[in-house]
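Chemist:
2 protein chains.
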Amino acid sequence: MHAREVLASSGHHRGAARDKLIDLLAAQDCALSALEIEDTLRRDGSVARASVYRALDLLHDHELVTRLELGDGVARYEPADPTGRHHHHHLICEQCGQLVPFDDPGLERSIHNLSRRLGFVINEHEVTLRGNCADCS
Amino acid sequence: MHAREVLASSGHHRGAARDKLIDLLAAQDCALSALEIEDTLRRDGSVARASVYRALDLLHDHELVTRLELGDGVARYEPADPTGRHHHHHLICEQCGQLVPFDDPGLERSIHNLSRRLGFVINEHEVTLRGNCADCS
DNA sequence: CTACCTGCAAATTTTTTGCATCCGG
DNA sequence: CCGGATGCAAAAAATTTGCAGGTAG
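Sequence lines, in order, name chains Y and R.
Mind the numbering: the first sequence is residues 10 to 146 in my numbering, read in order.
Mind the numbering: the second sequence is residues 10 to 146 in my numbering, read in order.
1. Assuming R/V74 is part of the alpha helix (DSSP H), what are its boundary residues?
2. Please classify R/C105 as buried or exposed, where buried requires at least 16 other C-beta atoms within 10 Å of its C-beta.
3. According to the neighbour-count rule (16 or more other Cβ atoms, all chains shown, within 10 Å of its Cβ), is Y/P110 buried or exposed?
4. Touching or not, the segment 38-49 of chain Y and the segment 50-62 of chain R, by the rule of three or more beta carbon pairs under 8 angstroms?
5. Assuming Y/L116 and Y/V136 form a contact by the criterion Cβ under 8 angstroms, report the distance between their Cβ atoms to the nearest whole angstrom.
6. Say whether chain Y places a C-beta atom closer than 8 angstroms to the C-beta of R/G6.
7. Any beta-carbon of chain R closer than 8 angstroms to the one on Y/G128?
8. Go to R/V61, then tell me how far its alpha helix (DSSP H) extends in each direction, as first and last residue.
9. Alpha helix (DSSP H) containing Y/V109: first to last residue?
10. Under 8 angstroms between C-beta atoms, does Y/R85 make it to chain R?
11. How about R/H98 and R/D112: do their beta carbons lie closer than 8 angstroms?
12. So with Cβ pairs under 8 angstroms, would you call Y/R13 a contact of chain R?
13. Taking 8 angstroms as the threshold (beta carbon to beta carbon), is Y/C142 in contact with chain R?
14. I need the DSSP call for Y/V83, collapsed to helix, strand or coil.
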């Protein structure tokens with residue numbers, strides 16, 4: 010993640026808590042909730058819950074993480090992809106509970122088309138499927 | 010809404026709170042949060058918050074309402090459409106804050122296609138766009 | 001009568017804020 | 001130094017649960 014540079018160049022200092030959080034998210038490629046992040050970081054030196062939320066907020070403001078709400082009332086975060094190359098969406102398997110990322114060019118094309126048809130300017134979009142993953146079907 | 014019949018035929022009694030809630034949702038065609046529903050119902054005779062959540066849960070279990078989480082940490086509910094005829098998705102306008110419903114056959118087709126391509130069984134899907142609505146563009 | 005429904009209040013869970021202090025540049 | 005960054009504890013906000021009646025069928 011070039012997150013640190015982006016933040017530095019907009020006048021933000023560095024700090025232990027956010028630093029660890031950035032590394033954790035960069036390693037993980039799937040979405041984590043704030044509380045999961047807190048638990049993981051707490052093990053390895055104390056990191057306050059508040060710092061986790063503040064760091065996620067900041068990263069989200071700078072579009073360095075994507076915020077997902079998948080229907081269980083918990084927000085999840087994953088590294089945003091500035092190149093758009095790893096852009097993806099999610100299927101929640103109702104059988105095994107897994108969160109399965111996928112991408113689909115046809116879907117992206119449709120969203121682009123409808124944006125023109127309906128006169129919307131779309132800055133962000135999120136698609137969530139619920140059903141059975143390939144393994145559970 | 011045929012909600013009352015569905016619930017009756019699965020052994021549920023009727024009650025004042027849920028009854029009013031069903032009417033409210035049926036009238037409204039856009040999504041409301043639990044707390045908005047509570048406020049509205051409270052004005053016209055006391056309805057407890059717990060009853061609102063319990064009724065929404067029950068309706069959701071029977072697929073009579075759709076539950077949306079649009080990114081602000083609040084769940085919203087709208088009547089589900091068993092015919093599929095009023096199936097739609099949402100744009101949140103970042104300018105004026107409005108929730109704008111839309112539908113798009115191309116989008117639906119894409120989702121159907123990717124389901125086959127990836128081997129998913131899709132029971133439900135939800136698309137959320139963030140950007141500017143037609144008026145604000 | 002019995003099972004379901006309701007209101008109230010209290011408990012949980014997730015997220016936010018206030019404040020004193022620490023630290024990066 | 002100064003403007004962030006952090007931890008802690010307390011506060012808010014959203015949702016859930018326990019319980020003692022009430023009511024539909």
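All C-beta atoms in this analysis are idealised placements derived from N, C-alpha and C, irrespective of residue type, glycine included.
Modeler: The relevant details are as follows:
1. Run containing R/V74: none in the alpha helix (DSSP H); it sits in the beta strand (DSSP E), 74-78.
2. Looking at its Cβ environment, which holds fewer than 16 other Cβ atoms inside 10 Å, R/C105 is exposed.
3. Per the 10 Å Cβ criterion, exposed.
4. The way I'd put it, the segment 38-49 of chain Y doesn't touch the segment 50-62 of chain R; fewer than three beta-carbon pairs between them come closer than 8 angstroms.
5. Right, the Cβ-Cβ distance comes to about 7 angstroms (below 8 angstroms), so this counts as a contact.
6. For residue 6 of chain R there is no data in the structure shown, the boundaries of chain R being 10 and 146.
7. Closer than 8 angstroms to some Cβ of chain R, the Cβ of Y/G128 qualifies, so yes.
8. Counting along the chain, the alpha helix (DSSP H) containing R/V61 begins and ends at 58-70.
9. No alpha helix (DSSP H) holds Y/V109; the beta strand (DSSP E) holding it covers 108-111.
10. Residue contact with chain R for Y/R85: absent (no Cβ-Cβ distance below 8 angstroms to any residue of chain R).
11. The Cβ-Cβ distance between R/H98 and R/D112 falls below 8 angstroms.
12. Chain R contact via Cβ: absent.
13. It does: the Cβ of Y/C142 has a partner Cβ on chain R nearer than 8 angstroms.
14. Y/V83: coil per DSSP, three-state reduction.
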